[in-house]
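Per the working numbering, the very first residue in the sequence shown carries number 3; after that it's consecutive. These notes are about the structure you will find just below.
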Amino acid sequence: MTGRQDSIIRATATGARRGYAAFSLGSRVAALNGGLPNALLSSLTGSQVNLSVMDYNALASTDIDLLAFSDALRTELDAEVLTFGQTLDTQVTLPQVVSALAAASDGQAATALEHVADRALPRSLLPSRVIDLGPRSSSIRVDAANPVKVNALTLLRSALLLGNASRQVDLALASSLPGGSGINVALIIGEPPVNSPLIAVTDTNDVIVRTAQVRLKIDTRVATPVASVQIPVLAELGSASARITDIDCRPNSSAAVSLGVVTSPAMVAIGTVSDSDFHDMKRPLDPKPARVVKLPLVSVDAGAELVLSDLNEKRVAFSRAEIDDGKVKTLSSSGLVAGAAKSLSDRMELDVNVLGLVLDLKALTTVIGETVALAAPVLDTVLSDLTGLLGVQVGQADTRVNALRCGKARLV
Numbered sequence: 003m004t005g006r007q008d009s010i011i012r013a014t015a016t017g018a019r020r021g022y023a024a025f026s027l028g029s030r031v032a033a034l035n036g037g038l039p040n041a042l043l044s045s046l047t048g049s050q051v052n053l054s055v056m057d058y059n060a061l062a063s064t065d066i067d068l069l070a071f072s073d074a075l076r077t078e079l080d081a082e083v084l085t086f087g088q089t090l091d092t093q094v095t096l097p098q099v100v101s102a103l104a105a106a107s108d109g110q111a112a113t114a115l116e117h118v119a120d121r122a123l124p125r126s127l128l129p130s131r132v133i134d135l136g137p138r139s140s141s142i143r144v145d146a147a148n149p150v151k152v153n154a155l156t157l158l159r160s161a162l163l164l165g166n167a168s169r170q171v172d173l174a175l176a177s178s179l180p181g182g183s184g185i186n187v188a189l190i191i192g193e194p195p196v197n198s199p200l201i202a203v204t205d206t207n208d209v210i211v212r213t214a215q216v217r218l219k220i221d222t223r224v225a226t227p228v229a230s231v232q233i234p235v236l237a238e239l240g241s242a243s244a245r246i247t248d249i250d251c252r253p254n255s256s257a258a259v260s261l262g263v264v265t266s267p268a269m270v271a272i273g274t275v276s277d278s279d280f281h282d283m284k285r286p287l288d289p290k291p292a293r294v295v296k297l298p299l300v301s302v303d304a305g306a307e308l309v310l311s312d313l314n315e316k317r318v319a320f321s322r323a324e325i326d327d328g329k330v331k332t333l334s335s336s337g338l339v340a341g342a343a344k345s346l347s348d349r350m351e352l353d354v355n356v357l358g359l360v361l362d363l364k365a366l367t368t369v370i371g372e373t374v375a376l377a378a379p380v381l382d383t384v385l386s387d388l389t390g391l392l393g394v395q396v397g398q399a400d401t402r403v404n405a406l407r408c409g410k411a412r413l414v
C-alpha cells in the first residue's frame with residue numbers, strides 16, 4: 003500500500019476514568035459526659051429520650067449505607083416507584099426518617115434508633131436538604147458491593163437538626179460549680195443553605211457541603227460570699243465548608259481523594275443580646291456588656307469577645323485505606339485557642355457602677371474575676387460537648403470521605 007515492505011504505524015489515544023466520591027462534614031463522635039446527650043436528644047425529638055452509654059456507643063460505631071437508608075425510607079413512604087434521589091426529595095416526618103435509619107442498621111444501633119423513632123414528634127423535613135446522592139440519585143436498587151457509608155449518629159443528628167431548623171431549643175443542665183445554680187442553654191440551628199448539603203456524593207468539584215449555622219446562649223449563676231455572679235456566654239458558629247478538589251484513582255495513592263476545607267468562623271463572648279437579635283439568623287450577633295452583679299448600691303457589667311475567622315481553604319487528603327476505615331480528620335483554624343471561655347475570662351473588662359457609698363470595689367472585682375475564671379473550664383466543657391453533639395466545633399471542621407468508586411478507563 004505504501005510501496006515499502008515494512009511500515010511503522012503509530013497511534014495515540016487519551017484515556018479517562020470517571021469516578022465519584024462521597025464526603026461529609028461534622029463526622030466526629032462527641033464524648034459522652036453526664037446527661038447532656040439525652041437532654042439534647044429529648045429537646046430535639048420533642049419528648050423524653052433515655053439512651054444508655056451502650057446505645058450511644060452502638061450508634062457511634064455503626065455505619066449506615068445511604069442507598070440502604072434511601073430504600074428503607076422509600077418503603078416507609080410506600081413509594082417503590084421512586085428513585086432514591088426522588089425519595090430523598092420527598093417531604094417526610096422525623097419518625098419516618100429515624101425508622102428508615104433503624105431498618106438500614108442492625109443490632110443495638112437499630113434498637114436505639116427505633117426507641118428514638120417511637121418518641122419523635124412528627125416534624126416535617128426534606129432529606130435532600132442534607133443528603134445529595136449526586137450520580138447515585140437515579141439508583142433504584144441497593145448496591146451492596148459499593149456502599150456509601152455514613153455514621154449512624156451523624157445521620158440521626160442531621161435529621162434532628164433539620165427537623166428543628168429555626169426553632170429555639172432550651173436545655174437545663176446540672177452544674178458542678180460550688181454555689182452554682184445550674185446551667186441554662188438556649189440554641190438555634192439555622193436553615194441549611196440551598197444546594198449545600200451536609201453529605202454529598204459527586205463526580206465533580208463544584209458540590210460544596212456545609213455544617214449547620216448554630217447560635218448558643220449559656221447562662222449560669224454562682225453564689226459567692228460577696229455577691230451572686232451571673233455569667234452569660236454567647237457563641238455564634240458559622241458554617242464550615244468542604245469540596246472535592248481531586249480524585250486520584252491510581253492504585254496505592256496516598257491522596258485518593260483531596261478535599262478543600264474552610265473551618266467554621268466563630269464568635270464567642272461574655273455579653274448579652276436581645277431575644278429578637280438572637281433569633282435573627284440573617285444578621286451577625288453584636289453582644290453588649292452584660293450585668294453580672296446587681297446589688298442595692300452597686301452593679302457590675304462585664305464584656306469580652308473572641309472572634310475566629312480563618313477563611314483560607316486548606317487541603318485534606320485521604321488514602322484508600324483511610325476511606326475504607328472511615329477515618330475522620332479534624333482541621334483547626336489558625337487562630338484557634340484552647341478554651342474559649344477561659345480566653346474570655348482572661349480578656350474580660352469590668353464596668354462598676356456605684357450609688358452613694360464608698361465600698362471596697364477591689365474585693366468585689368477580684369471575686370468576680372476569680373468566679374468567672376473558676377467557671378470557665380466547666381463552661382468550656384459544656385460548649386465543647388454541646389457543639390460536638392451538634393456536629394460543629396469552634397474554629398474546627400471534621401471531615402470524612404465516605405466512599406470512593408473509580409470507573410473503568412475509556413478512550414475519549
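Heads up, the beta-carbon is just placed ideally off N, CA and C, and yes, glycines get one too.
Check	Outcome
Continuous beta strand (DSSP E) stretch holding Met350: start and end	Met350 -> no beta strand (DSSP E), and no H or E assigned at all.
Residues bridged to Lys296 [DSSP beta-bridge criterion]	Ser301
When Asn52, Ala319, Arg138, Met350 are compared against Thr204, the one with the closest alpha-carbon	Arg138
Separation of Gly397 from Ser336, as counted between CA atoms	8 Å
DSSP three-state assignment for Pro379, whether helix, strand or coil	helix
Opening and closing residue of the beta strand (DSSP E) in which Ala78 lies	It should be pointed out that residue 78 corresponds to Glu in this sequence rather than to Ala. No beta strand (DSSP E) holds Glu78; the alpha helix (DSSP H) holding it covers 68 to 79.
Beta-carbon proximity list for Ala60, same chain, < 7 Å, skipping 5 on both sides	Gly109, Gln110, Ala111, Ala114
Distance, Thr222 Cα to Ser141 Cα	51 Å
DSSP state of Arg19 mapped onto helix, strand, coil	The predicted position of Arg19 is uncertain, since its pLDDT is 49 and thus under 50; a value taken from the coordinates is nonetheless stated next. Three-state DSSP puts Arg19 in coil, outside helix and strand.
Best match in Pro97, Gly37, Leu363, Arg212 for proximity to Ala174 [C-alpha to C-alpha]	Gly37
Whole-angstrom distance between Gln98 and Leu69, CA atom to CA atom	16 Å
Through-space distance from Thr247 to Ala202, alpha-carbon basis	14 Å
DSSP-derived helix/strand/coil call for Asp326	helix
Residue ranges of each beta strand (DSSP E) within the segment 201 to 253, 3 or longer	201 to 204, 210 to 212, 216 to 225, 230 to 239, 243 to 249
Neighbourhood of Leu287 by C-beta, 8 Å cutoff - its chain only, sequence neighbours within 5 removed	Arg217, Leu236, Glu238, Met269, Ala271, Val275, Asp279, Phe280
From Val224, Ser321, Leu310, Leu200, residue whose alpha carbon lies closest to that of Ser260	Ser321
Residues near Val394 by beta carbon distance below 8 Å, same chain, minus five either side	Gly28, Thr213, Ala214, Val216, Leu239, Ala242, Ser266
Length of the line joining the Cα atoms of Pro379 and Cys408	47 Å
Exposure label - Asp400; buried when at least 16 CB within 10 Å	buried
Inter-residue Cα distance where the pair is Gly136 and Ala306	44 Å
Residues near Val369 by beta carbon distance below 6 Å, same chain, minus five either side	Thr226, Val228
Distance, Thr367 Cα to Thr373 Cα	10 Å
Arg402 - partner residues in DSSP beta bridges	Ser26
Asp348 versus Val318 - alpha carbon distance	33 Å
Buried versus exposed call for Ala365 [16 or more other C-beta atoms within 10 Å across all chains shown]	exposed
Reference Ser177; option with closest CA among Ala147, Ala405, Leu381, Asn404	Leu381
Closest residue to Ile233 among Val55, Ile185, Asn314, Ile190 (Cα-Cα distance)	Ile185
Inter-residue CB distance, Ile325 and Ala258 (contact presumed, cutoff 8 Å)	6 Å
Where Val360 falls: helix, strand or coil (DSSP)	Reliability of the predicted coordinates at Val360 is poor, the pLDDT of 47 falling under 50, and the value obtained from them is presented with this limitation in mind. Coil.
Through-space distance from Leu75 to Lys151, alpha-carbon basis	16 Å
Spatial distance of Leu42 from Pro253 (CA atoms)	44 Å
Three-state secondary structure assigned by DSSP to Gly87	helix
Burial state of Glu78 (16 or more Cβ within 10 Å)	buried
Local conformation of Ala13 per DSSP, three classes	Bear in mind that the predicted position of Ala13 carries a pLDDT of just 45, short of 50, making it unreliable; the figure below should be weighed with that in mind. Three-state result, Ala13: coil.
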